[in-house]
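Only one structure is covered here, and it is reproduced in the block below.
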Amino acid sequence: MERFALFVILTGFLILSGCQSGQPKQESGQESREEASSGQPAGEKPYPSLPLDTLQMLWNQCDYIDYVFYYKDFSVSQNQQSDIRASIRHISEEVPAISPSCQPVGRIFYQVQGENRLEADLYFSPECSFFVFYEDGKKAYANAIMPAGVQFFNQVLSTGANPPAGQ
8 MERFALFVIL
18 TGFLILSGCQ
28 SGQPKQESGQ
38 ESREEASSGQ
48 PAGEKPYPSL
58 PLDTLQMLWN
68 QCDYIDYVFY
78 YKDFSVSQNQ
88 QSDIRASIRH
98 ISEEVPAISP
108 SCQPVGRIFY
118 QVQGENRLEA
128 DLYFSPECSF
138 FVFYEDGKKA
148 YANAIMPAGV
158 QFFNQVLSTG
168 ANPPAGQ
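Every number in the working numbering is 7 more than the matching position in the sequence shown, counting from 1.
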């Protein structure tokens, strides 16, 4: 059952990523109207989506996630496979528009057997809701946050260090 769920998630991710890259570029006026109506800030899309093989690696191997918030007096960690996979599902295939006014609120460390395998800046505010992933210490990929992830971070940031179970 878990393999089927992984297959469905990864297939959807691959299909939607492929569909986005094949779309013709829209005129800037139409693009701005769509961004305004979707709630995403107007901005550039300087980074591609996280590669599917990286997402698969996280799904199969990640055994610990640590969320360090810059302006809070707590951090959150996850070490249960169900919670880790729920967090991986928070990564949308959508590439966000990134406004220069967006600022990160924290850093996420995805670990495998005590080793950081992936790091991401967490951008989370009403205008900015996305991850920027690092590769070799440099910003390399960006992905929007799924609605369940928005709900998760809203709850974590409003209740403190008590993350919702199963999210």
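Idealized CB from N, CA, C, for every residue including glycine.
C-beta contact flag for residue i and residue j at 9 Å
| i | j | result |
| --- | --- | --- |
| Ile91 | Ala149 | no |
| Ser99 | Gln85 | no |
Sequence-distant residues of its chain with Cβ nearer than 7 Å to residue i (five each side left out)
| i | result |
| --- | --- |
| Pro53 | Ile105 |
| Gly167 | Phe81 |
C-alpha gap between residue i and residue j, whole angstroms
| i | j | result |
| --- | --- | --- |
| Val75 | Pro55 | 24 Å |
| Pro107 | Gly50 | 7 Å |
| Val157 | Pro103 | 14 Å |
| Glu101 | Ala155 | 14 Å |
Assigned secondary structure, residue i (DSSP; H/G/I helix, E/B strand, else coil)
| i | result |
| --- | --- |
| Leu125 | strand |
| Phe81 | coil |
| Gln88 | helix |
| Gln120 | coil |
Spatial neighbours of residue i in its chain, beta-carbon cut-off 8 Å, leaving aside the 5 residues before and after
| i | result |
| --- | --- |
| Arg124 | Met64, Leu65, Gln68, Cys69, Tyr117 and Gln118 |
| Pro1 | Since the displayed the chain opens at 8 and closes at 174, residue 1 lies outside it and no answer follows. |
Integer-rounded CB distance, given that residue j should sit under 8 Å from residue i
| i | j | result |
| --- | --- | --- |
| Met153 | Arg96 | 7 Å |
| Phe137 | Ala151 | 5 Å |
| Cys109 | Glu134 | 7 Å |
Cutoff 6 Å; reference residue i; Cβ partners in own chain excluding five residues on either side
| i | result |
| --- | --- |
| Asp73 | Ser84 and Phe116 |
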